[in-house]
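Chemist: Before we start, here is the structure in question, set down as structure tokens.
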Amino acid sequence: SQQGEEDPQALSIQEGENATMNCSYKTSINNLQWYRQNSGRGLVHLILIRSNEREKHSGRLRVTLDTSKKSSSLLITASRAADTASYFCATDSGGSNYKLTFGKGTLLTVNP
Amino acid sequence: NAGVTQTPKFQVLKTGQSMTLQCAQDMNHNSMYWYRQDPGMGLRLIYYSASEGTTDKGEVPNGYNVSRLNKREFSLRLESAAPSQTSVYFCASSEAAALGEQYFGPGTRLTVT
Numbered sequence: 001s002q003q004g005e006e007d008p009q010a011l012s013i014q015e016g017e018n019a020t021m022n023c024s025y026k027t028s029i030n031n032l033q034w035y036r037q038n039s040g041r042g043l044v045h046l047i048l049i050r051s052n053e054r055e056k057h058s059g060r061l062r063v064t065l066d067t068s069k070k071s072s073s074l075l076i077t078a079s080r081a082a083d084t085a086s087y088f089c090a091t092d093s094g095g096s097n098y099k100l101t102f103g104k105g106t107l108l109t110v111n112p
Numbered sequence: 113n114a115g116v117t118q119t120p121k122f123q124v125l126k127t128g129q130s131m132t133l134q135c136a137q138d139m140n141h142n143s144m145y146w147y148r149q150d151p152g153m154g155l156r157l158i159y160y161s162a163s164e165g166t167t168d169k170g171e172v173p174n175g176y177n178v179s180r181l182n183k184r185e186f187s188l189r190l191e192s193a194a195p196s197q198t199s200v201y202f203c204a205s206s207e208a209a210a211l212g213e214q215y216f217g218p219g220t221r222l223t224v225t
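Top line first, the protein sequences correspond to chains A and B. Under my numbering, the residue at position 21 of the first sequence is numbered 21, and the numbers go up by one with no gaps. Position in the second sequence (from 1) plus 112 gives the number in my numbering.
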């Protein structure tokens, strides 16, 4: 069963605008990760936020985590056409097997 | 440093045929994973290997077997392919739980007719 659920399923914006995607999950986590997938490619890791962190930045990416609401958001600022991709959240619920559970993803389209 | 490599990139099988998907990583990672991705779905874990010599079932293991050949290689076998196994298959690896991030291969697109 899928732990993370992204919202919205699809998002279309203009270049230069900000894009916000949300992820909700059901059980407690060790960390939450965001991945990007360009069409026809494998997933690429973007950012990891641990359960004791509330916010993390990496370049134009900002991730927040609210463990009380079991939710996370990914903000991409000043979007570019090259940001067009699917974005997935993945949760690590701990244990010694290092398994991740992925959501269904948000398809982001950035129009030039 | 090639990262995670998968072969083949594309494959068409007839129902009942068997095949093995190959995966190798050159990052000295301990853990390796096989996922399948279907349209509109996220990735679903088929099998994983937390360390060399161990394998465990994931969310959707039926119809598949795996072999952790050595630390570098983790193969996925379909013994008798079915149309429901038409999917894109991704292999991934990770170093340790402390890091958590997984590195993915480019995928194998499999069609079963």
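For glycine and all other residues, C-beta sits at the position ideal for the given N, C-alpha and C. Being a predicted model, the structure only gives us computed values, none of them experimental.
(1) Please return the same chain residues whose Cβ sits closer than 8 Å to the Cβ of GLU164/B, not counting the five positions on each side in sequence.
(2) Can you find a C-beta in chain A that's less than 8 Å from the C-beta of MET153/B?
(3) Is ARG54/A closer than 8 Å to LEU122/A when the C-beta atoms are compared?
(4) Exposed or buried, MET139/B, counting other C-beta atoms within 10 Å across all chains shown (16 or more means buried)?
(5) Round the Cβ separation of VAL110/A and THR77/A to the nearest angstrom and send it over; I've been treating them as touching at under 8 Å.
(6) Taking 8 Å as the threshold (beta carbon to beta carbon), is GLU213/B in contact with chain A?
(7) Which of the three DSSP states, helix, strand or coil, is assigned to GLN197/B?
(8) Is the beta carbon of THR64/A less than 8 Å from the beta carbon of SER58/A?
(9) Residues bridged to VAL172/B by DSSP?
(10) If contacts are defined as beta-carbon pairs under 8 Å, then ALA193/B and VAL116/B qualify, I think. What distance do you get, rounded to the angstrom?
(11) Around the C-beta of VAL224/B, are 16 or more other C-beta atoms found within 10 angstroms, so that it is buried, or is it exposed?
(12) Do TYR35/A and ALA90/A come within 8 Å of each other at the CB atom, strictly closer than that value?
Modeler: Taking the coordinates as given:
(1) The residue labelled residue 164/B in the question sits at position 52 within the second sequence. ASN142, ARG180, ASN182, LYS183.
(2) Taking the second sequence and counting its residues from 1, the one referred to as residue 153/B is at position 41. So yes, MET153/B belongs to the interface.
(3) Residue 122/A falls outside the range modelled here, since chain A spans only 1 to 112, and no answer is possible.
(4) Taking the first residue of the second sequence as position 1, residue 139/B is located at position 27. So MET139/B ends up on the exposed side.
(5) Counting from 1 along the first sequence, the entry for residue 110/A is found at position 110. Counting from 1 along the first sequence, the entry for residue 77/A is found at position 77. About 12 Å separates the two Cβ atoms, so there is no contact after all.
(6) Here residue 213/B refers to the residue found at position 101 when the second sequence is read from its first residue. Yes, contact with chain A.
(7) Reading the second sequence from its first residue, position 85 is the one you call residue 197/B. The answer is helix: DSSP assigns GLN197/B an H, G or I state.
(8) Taking the first residue of the first sequence as position 1, residue 64/A is located at position 64. Taking the first residue of the first sequence as position 1, residue 58/A is located at position 58. The answer is no: Cβ separation not under 8 Å.
(9) As a working mapping, residue 172/B is identified with position 60 in the second sequence. Paired residue(s): none; VAL172/B is not in a bridge.
(10) Within the second sequence, numbered from 1, the residue matching residue 193/B stands at position 81. Within the second sequence, numbered from 1, the residue matching residue 116/B stands at position 4. With a Cβ gap of about 23 Å, ALA193/B and VAL116/B do not count as contacting.
(11) Translated into positions along the second sequence, residue 224/B becomes position 112. Looking at its Cβ environment, which holds 16 or more other Cβ atoms inside 10 Å, VAL224/B is buried.
(12) Within the first sequence, numbered from 1, the residue matching residue 90/A stands at position 90. Within the first sequence, numbered from 1, the residue matching residue 35/A stands at position 35. Against a cut-off of 8 Å, the Cβ pair of TYR35/A and ALA90/A comes out as a contact.
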